[in-house]
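Numbering (this note's numbering), first residue to last: 492 to 604.
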């Protein structure tokens, strides 16, 4: 990987980490009620751009990496691509659904359904 590309990836990961830290701070703030926490959780899965929210974005990134790994794996045996595909599936199937359940538990009458 070129040094410039690696630096760009590191910077992007740093920005994403800061954004996630801000969300974590908001989720754990004393002045945030259950409805607000549910709404914050929903934002992770219901954002309108890109479709599917943050979790779908991360899954899409992992799927793109898996597809590229499929093309360059020496034995095409799936040692790299299979775990990436599985991680993407877990994010969308399991983590996403659990976020929905948590949001509904916090705000059963709210928009988080």
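All C-beta atoms, glycine included, are put in the ideal place defined by N, C-alpha and C. As the structure is a prediction and not an experimental result, all values here were calculated from the model.
Contact set for residue i: own chain, Cβ-Cβ below 8 Å, skip 5 residues either direction
i, result
"residue 564", "570, 571, 572"
"residue 575", "553, 554, 556, 557, 560"
Beta-carbon spacing of residue i, residue j below 8 Å
i, j, result
"residue 586", "residue 546", "yes"
"residue 536", "residue 590", "yes"
"residue 517", "residue 531", "yes"
"residue 549", "residue 581", "no"
Residue i: first and last residue of the uninterrupted alpha helix (DSSP H) it sits in
i, result
"residue 577", "572-580"
"residue 503", "494-519"
"residue 567", "Premise fails: residue 567 is in no alpha helix (DSSP H) and is neither H nor E."
"residue 525", "525-537"
"residue 600", "Premise fails: residue 600 is in no alpha helix (DSSP H) and is neither H nor E."
Other residues of its chain near residue i: CB distance less than 6 Å, five sequence neighbours each side excluded
i, result
"residue 526", "598, 601"
"residue 578", "553"
"residue 504", "none"
"residue 529", "594, 597, 598, 601, 603"
Distance cut-off 7 Å: residue i Cβ against heavy atoms of the ligand ATP
i, result
"residue 505", "Of ligands this structure carries none, so the ligand ATP is not represented either."
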